[in-house]
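If you're matching them up, the sequences are chains Y and G in order.
Residue numbering for the first sequence follows our numbering, starting at 3 and increasing by one per position.
Residue numbering for the second sequence follows our numbering, starting at 3 and increasing by one per position.
C-beta atoms are modelled at their ideal positions from N, C-alpha and C, and glycine is treated no differently.
Reading through the structure tokens given below for one structure.
Number of protein chains: 2
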Amino acid sequence: MNAGLVIAVDAMSGDHGAKVAVPAALDVLSATPDLEIVLVGRDEVLRPLLGSRLPARCSIVEASEVVGMDERPKDALRRKKNSSMRVAINLVERGEASACVSAGNTGALLATARFVLGMIPGIDRPAIVSVVPAVHGHTVMLDLGANPDCKADHLVQFAVMGSVIATDLHGLERPRIGLLNVGEEDIKGTEEIREAHRRLAAAPINYTGFVEGDKIFSGDVDVVVTDGFTGNVALKSMEGLARFIGGVMREEFTRSPLRKLSAIGARPVLNAVKVRLDPGAYNGASMVGLAGVVIKSHGGANRAAFANAVRVAITEARKGVPGQIEELMARVVAASEPPGA
Amino acid sequence: MNAGLVIAVDAMSGDHGAKVAVPAALDVLSATPDLEIVLVGRDEVLRPLLGSRLPARCSIVEASEVVGMDERPKDALRRKKNSSMRVAINLVERGEASACVSAGNTGALLATARFVLGMIPGIDRPAIVSVVPAVHGHTVMLDLGANPDCKADHLVQFAVMGSVIATDLHGLERPRIGLLNVGEEDIKGTEEIREAHRRLAAAPINYTGFVEGDKIFSGDVDVVVTDGFTGNVALKSMEGLARFIGGVMREEFTRSPLRKLSAIGARPVLNAVKVRLDPGAYNGASMVGLAGVVIKSHGGANRAAFANAVRVAITEARKGVPGQIEELMARVVAASEPPGA
């Protein structure tokens with residue numbers, strides 16, 4: 003029913019709840035003149051964070067419940083029909099919001115969004131897509147954990163969705179798409195992966211072939227496609243490694259007074275490195291494949307990171323990502339059908 | 003036929019061939035009084051690298067061919083019956099060497115070793131195991147790429163083999179073993195992984211449950227078990243990320259004269275960090291599950307790294323790793339059978 007740009011913010015979920023979500027949403031609101039924000043949650047919690055009266059273009063929609071971070075998706079779906087997460091998604095479903103953002107429980111958000119919004123025609127399952135820093139800026143990667151078991155069909159659909167995200171969110175005209183494998187030769191990997199490889203080679207997208215794990219960072223491709231098991235493990239491994247390297251550096255830089263001194267000299271460099279690798283700058287994973295824009299913020303996101311997730315929601319809503327996916331997927335299916343069939 | 007410790011070194015394979023393998027083998031030889039080294043390769047290539055006459059406890063076994071780094075495993079197995087790789091493995095099979103080391107083509111080495119040596123009773127497939135640096139020193143990880151598609155049986159066998167390696171190579175009495183998954187709850191992951199999880203919980207090893215990717219580095223477990231697809235992708239991703247972070251640091255440290263100056267001050271720290279993360283220090287992946295000790299060196303290993311691989315071969319030969327695996331696997335199978343069955 004809305005003509006404008008309206009983002010529904012689940013203002014209660016995540017590790018920090020309203021005290022991060024509300025100021026983050028207001029930051030983006032004041033910087034974006036045509037934006038409306040709907041804060042979803044308990045009025046008595048949200049109101050005190052908003053000053054003496056509601057800012058312009060900001061409203062509250064009451065939702066009495068919150069989905070716990072460890073709650074089972076099934077239970078959240080069945081029992082928490084008035085959760086802030088569910089109500090925010092309902093607003094998208096009814097066309098009252100262009101997109102929604104939540105820092106809540108990933109599994110519950112995925113299950114609820116799928117149930118409420120349904121899938122884009124041609125896409126079987128939602129995937130979680132985000133970016134990781136890389137030599138050329140960053141690489142779009144999916145699926146990061148929605149689907150542990152994937153067939154060739156799903157991998158092809160992920161490639162289509164990754165291509166749309168790279169174009170719409172990152173401005174790449176012909177994003178180069180690689181399929182993650184244990185080698186670059188045609189004979190490598192599982193049967194499902196080889197089948198996806200054959201189909202992608204014939205699809206009207208810029209598929210460049212198999213890539214190994216190190217290519218996530220090398221700048222050789224813009225999008226890396228994989229199943230949700232591998233993608234999730236790779237992402238968590240990289241997070242773990244980055245944290246480990248950071249810890250080793252801290253330890254070594256504080257081992258002696260002289261080294262502490264050298265740390266002061268090196269601080270501008272270390273800060274610059276940190277900024278370039280900062281996962282917060284990349285906060286806002288898209289749950290693509292759903293018939294509506296749903297953005298997942300890290301549960302532990304701070305104000306700046308949550309604001310990033312809201313910006314991702316705005317961009318996807320403006321570009322009409324679900325429609326773009328539907329259109330590209332239809333072209334991929336058409337290209338794979340023999341003429342006259 | 004040999005009572006002593008004899009290591010067969012494929013002295014021709016790898017990116018650098020004999021000019022790395024020979025001096026590396028001699029380094030270890032001179033430091034290890036009871037060791038004999040058999041260098042396998044072309045006499046005319048090896049002899050000039052050995053000085054005027056053969057060192058004590060060192061001999062040459064002639065092998066006229068070399069398996070190419072890109073050769074298909076099948077082709078190497080069928081056509082290169084006199085390759086340095088094959089002849090080195092033959093020495094192990096005939097009991098003339100206690101173990102062999104090769105920097106050659108991983109797929110060919112795996113296929114040839116499996117064909118020549120066969121498997122340990124109770125183990126269906128060989129796995130590639132190595133270590134990655136971690137908070138507590140390092141974590142043993144397998145499979146790193148031998149088996150893209152794994153069933154529950156294989157994962158259980160990998161856990162047994164990882165446990166033996168952690169004990170025999172790294173001196174851990176009750177190594178803590180984790181199974182890589184996309185979450186730590188029992189309901190997470192694929193059916194095969196959940197089945198392996200149930201069986202491992204009943205096995206006479208120190209299985210601690212599911213772990214996510216970040217736990218590879220956290221010190222929470224000593225061994226991380228996964229299928230060869232995920233393991234290979236995770237390993238390559240981590241290598242790529244480490245290289246990327248190194249590159250970003252180099253870039254930031256050279257951005258201005260002042261920053262270059264700070265790099266001089268920070269050099270001792272950066273070198274210490276590099277040493278702690280150095281993959282060369284961890285060179286020497288074991289191909290476990292084979293009825294004989296086969297160690298794979300990185301193709302691009304330098305002299306020090308290749309020497310490390312030789313030392314891994316020595317330790318596994320001394321400890322009798324294949325026999326240890328057979329014994330522990332038999333105990334795991336016995337524990338899983340209902341009494342009286």
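Item                                                                                                                                                                                 : Value
Can you pull out the residues from the region 235-251 of chain Y whose beta carbon lies closer than 8 Å to at least one beta carbon of chain G?                                      : V235, A236, L237, K238, S239, M240, E241, G242, L243, A244, R245, F246, I247, G249, V250, M251
Locate the beta strand (DSSP E) running through G:M143, then write down its first and last residues.                                                                                 : 139-144
Candidates G:P25, G:V89, G:I179: which alpha carbon is nearest G:D222's?                                                                                                             : G:I179
Could you name the residues of the same chain whose beta carbon sits closer than 8 Å to that of G:V335, not counting the 5 residues immediately before and after it, in chain order? : G124
Under 8 Å, do Y:L144 and Y:A129 count as touching if we go by C-beta distance?                                                                                                       : yes
What does G:R261 touch in chain Y if you count any residue whose Cβ is under 8 Å from its own?                                                                                       : P270, V271
Between the Cα of Y:G302 and the Cα atoms of Y:V314, Y:A319, Y:G106, which residue gives the shortest distance?                                                                      : Y:G106
Do Y:K238 and G:G242 come within 8 Å of each other at the CB atom, strictly closer than that value?                                                                                  : no
In terms of DSSP beta bridges, what is Y:Y209 paired with?                                                                                                                           : Y:I179
Within a Cβ cutoff of 6 Å, which residues of the same chain sit near G:V287, ignoring the five residues on either side of it in sequence?                                            : Reading the sequence as shown, one finds Ala at residue 287 of chain G and not Val. If we look at G:A287 and ignore the five residues flanking it on each side, its Cβ neighbours are I130, S132, K298.
Do G:A65 and G:V40 come within 8 Å of each other at the CB atom, strictly closer than that value?                                                                                    : no
For the region 212-224 of chain Y, which residues have a CB atom closer than 9 Å to at least one CB atom of chain G, in sequence order?                                              : E214, G215, D216, K217, I218, F219, S220
Distance, Cα to Cα, G:R313 vs Y:A274?                                                                                                                                                : 40 Å
May I ask you to report which of helix, strand or coil DSSP gives G:M251?                                                                                                            : helix
Under a CB-based cut-off of 8 Å, is Y:R88 close to chain G?                                                                                                                          : no
Any beta carbon of chain G sitting closer than 8 Å to that of Y:E197?                                                                                                                : no
Using the C-alpha atoms, what's the distance from G:G109 back to G:D45?                                                                                                              : 26 Å
Taking one C-beta from the region 155-162 of chain G and one from the region 200-219 of chain Y each time, how about it: are there three or more such pairs within less than 8 Å?    : no
G:I122 and G:P270: beta carbons closer than 8 Å?                                                                                                                                     : no
Taking DSSP's pairing of strands, which residues face G:P135 in a bridge?                                                                                                            : G:H140
At 9 Å on the CB atoms, spell out the chain G contacts of Y:T192, in chain order.                                                                                                    : P150, D151, F231
Pop quiz: G:L157 and G:V227 are said to be a contact at Cβ under 8 Å. What is the actual Cβ separation, rounded to whole angstroms?                                                  : 6 Å
Would you say G:L275 faces chain Y, with C-beta separation under 8 Å as the test?                                                                                                    : Note that residue 275 of chain G corresponds to Val in the displayed sequence, not to Leu. Yes, because at least one Cβ of chain Y sits closer than 8 Å to the Cβ of G:V275.
Any idea if G:T169 is buried or exposed, counting beta-carbon neighbours within 10 angstroms, 16 or more meaning buried?                                                             : buried
Mark G:G6 as exposed unless 16 or more other C-beta atoms lie within 10 angstroms of its C-beta, in which case mark it buried.                                                       : exposed
Using a Cβ-Cβ distance cut-off of 8 Å, determine whether Y:E328 contacts chain G.                                                                                                    : no
Return the residues of the region 281-304 of chain Y that lie within a Cβ-Cβ distance of less than 7 Å from chain G, sorted by chain order.                                          : none
Give the DSSP bridge partners of G:A101, in chain order.                                                                                                                             : G:I9, G:V295
Could one say the Cβ of Y:R178 lies closer than 8 Å to chain G's Cβ atoms, at least one of them?                                                                                     : no
Determine the direct distance from the alpha carbon of G:E67 to that of G:I91, and round the result to whole angstroms.                                                              : 14 Å
Could one say the Cβ of Y:S264 lies closer than 8 Å to chain G's Cβ atoms, at least one of them?                                                                                     : yes
Please report how far the alpha carbon of G:S85 lies from the alpha carbon of Y:G322, in whole angstroms.                                                                            : 59 Å
Do G:A268 and G:A198 count as a contact pair if the criterion is CB distance below 8 Å?                                                                                              : no
Run the CB neighbour count on G:D188, radius 10 Å, all protein chains shown included, and call it buried at 16 or more, exposed below.                                               : exposed
Give a yes or no on whether the C-beta atoms belonging to Y:A359 and Y:V24 are separated by under 8 Å.                                                                               : Outside the displayed range of chain Y (3 to 343) lies residue 359 of chain Y, so it cannot be described from this structure.
Return the residue from the list G:G97, G:S220, G:F231, G:E329 that minimises the CA-CA distance to Y:R245.                                                                          : G:S220
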